[in-house]
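Be aware that the sequence shown starts at 1, since it is given in full-length UniProt numbering, and climbs by one per residue.
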Amino acid sequence: MENVYDVVIIGAGPAGLSAALYAGRAKMKTLVLEGTKVGGQIAITSEVANYPGSIHDATGPTLTARMVEQADEFGAERVKDTAVSVDFTGKVKIIKGEKGTYHSKSIIIATGATPRVIGCPGEVELTGKGVSYCATCDADFFQDLEVFVVGGGDTAVEEAIYLTKFAKKVTIVHRREELRAAKSIQEMAFNNPKIDFMWNSVIVDIKGDGIVESAVFHNRVTGETTEIHADEEDGTFGIFVFVGYDPVSQVFKGCINTDESGYIITDSQMNTNADGVFAAGDIRVKTLRQVITAAADGAIAAVEAEKYITHAFKE
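This is how it looks when you write it as structure tokens:
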């Protein structure tokens, strides 16, 4: 069989690029399938302030560029292709992409997860400029500003509580008249003096010239539409969206064990239920989805893939 890689890494976010760096350093023949973009979710992040030791004033694109540079330095190949089907049943795994077919002794799945969006005008244009999907990443940018949190589940309410450490006021915007979060979490939110609630409401438009300046809210019960502008002296406010994430795991359905939401189940060494197939980063079941945890996952997966190949492909 021609051109069998030691490891094919599906995805080029922090987990995939970290895996590529470690695999390359281990002298493994490494290929990264980049998909439609390099960097994953941080590619649209204007500032990355919580990645230890990163370059000064790091942005998502600059941090990604350095990760790509490091992977390239250690010999990892990169191809812009998206996996459309996989076969993990054989000793040599097969990935069929839109542009080609790839064979590998091991696989690292690092396709990540994508946040669900509001879907209103202005959201895409102002993402990273006031619209955020990660409180841990961006809360510090809204010190003493007002923020709106969209959602009513556990994550939305927990993140709203977290944001009160930074924002002067947090308003939870929920499309229903009661929260879906656990009662214990609701109680903490109701008892927090910095949290207000906007019931039966959705955001239908986000406006601003390069930064969020106002948002239009629609009450689903009364039909009333209200535009809220940022305080003049603040100039902006934050909109944090927590209406769920979708793991990019559809192509692996039936090949890999996942939880009910589609996240891939692994052990602490990133092993999936398929021999020689590992998962790293936001695609797998985990408690914290951040650049630093994705990079750690990628490093572990690459090391474990090298160990697997050593034992599974003995001469």
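We treat Cβ as the ideally placed atom computed from N, Cα and C, and that holds for glycine.
Fair warning: this is a prediction, and the values are worked out from it, not measured in the lab.
Candidates the options, of which the one nearest residue i by Cα
i: N3; options: T293, K105, D234; result: K105
i: F242; options: C255, R116, T287; result: R116
i: K207; options: H229, F197, F190; result: H229
i: R180; options: V173, G153, K80, F141; result: G153
i: V202; options: D72, K169, V38, V149; result: V149
i: A83; options: I9, S184, T272; result: I9
i: A113; options: L21, A15, D196; result: A15
i: K29; options: F252, K253, V7; result: V7
i: Y162; options: V131, S184, I195, I109; result: I195
i: D205; options: I300, G11, L126; result: L126
i: R78; options: I107, L17, C134, G122; result: L17
i: C134; options: G244, F240, G122; result: F240
i: A280; options: I109, N273, F197; result: I109
Separation of residue j from residue i, as counted between CA atoms
i: G100; j: V221; result: 52 Å
i: R25; j: A295; result: 15 Å
i: I94; j: C255; result: 12 Å
i: L63; j: V48; result: 8 Å
i: residue 316; j: K96; result: Past the boundaries of the shown model lies residue 316; the chain is included only from 1 to 315, so the question cannot be answered.
i: K129; j: A156; result: 20 Å
i: G75; j: L145; result: 46 Å
Near the ligand MG: residue i beta-carbon under 7 Å from a heavy atom
i: A301; result: In the structure on display, the ligand MG does not appear, and there are no ligands present to speak of.
Cβ neighbour criterion (16 or more within 10 Å) applied to residue i
i: P52; result: exposed
i: H56; result: exposed
i: S85; result: exposed
i: F190; result: exposed
i: A182; result: exposed
i: H174; result: buried
i: V124; result: exposed
i: L288; result: exposed
Identity of the residues DSSP links to residue i by a beta bridge
i: Y5; result: S104
i: T127; result: V131
i: R284; result: I264
i: N271; result: F278
i: I10; result: L33, I109
- Segments of 3+ residues assigned as beta strand (DSSP E) that fall wholly inside the stretch 36-124: Within the stretch 36-124, the beta strand (DSSP E) runs of at least 3 residues that lie entirely inside it are, in chain order, 77-79, 83-87, 93-97, 101-109, 113-115.
- Item | Every unbroken alpha helix (DSSP H) inside the stretch 157-240 [4 residues or more] | 183-190
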